[in-house]
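Okay, structure first, notes after.
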Amino acid sequence: MVIWSYRWINLSKGKKEINVASVFENGQTITDFYSKQKTEVMDGKIIIDSGFDIVLLEK
322 MVIWSYRWIN LSKGKKEINV ASVFENGQTI TDFYSKQKTE VMDGKIIIDS
372 GFDIVLLEK
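322 is the number of the first residue of the sequence shown in my numbering; add one for each residue after it.
Given below as structure tokens:
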């Protein structure tokens, strides 16, 4: 099994919409390591609403 992880830094705290189309496919469930939130890729994007200014996405 391959686990992918990608990091974005210096984001705003709160709701973030991130384009992940070049990394993940629509329909995949992705987890943010810091907030422990799970979200599904839709239209090449994910939305994470957290108090962190960094996102580490794992599949």
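All C-beta atoms, glycine included, are put in the ideal place defined by N, C-alpha and C.
Rounded separation between residue i and residue j - CA only
i	j	result
Arg-328	Lys-336	16 Å
Asn-331	Gly-348	26 Å
Gln-358	Glu-338	14 Å
Cβ-Cβ separation, residue j to residue i (assumed contact under 8 Å), whole Å
i	j	result
Glu-350	Glu-361	Strictly speaking, residue 350 in this sequence is Thr, with Glu absent from that position. About 5 Å separates the two Cβ atoms, so the contact holds.
Tyr-355	Val-341	About 16 Å separates the two Cβ atoms, so there is no contact after all.
Sequence-distant residues of its chain with Cβ nearer than 8 Å to residue i (five each side left out)
i	result
Glu-346	Val-362
Asp-374	Ile-330, Asn-331, Leu-332, Ser-333, Lys-334
Spatial neighbours of residue i in its chain, beta-carbon cut-off 6 Å, leaving aside the 5 residues before and after
i	result
Ser-371	Ser-356
Sequence-distant residues of its chain with Cβ nearer than 7 Å to residue i (five each side left out)
i	result
Gly-365	Asn-340, Val-341, Ala-342, Asn-347
Collapsed DSSP secondary structure at residue i in the structure displayed
i	result
Ile-330	coil
Asp-364	coil
Glu-346	coil
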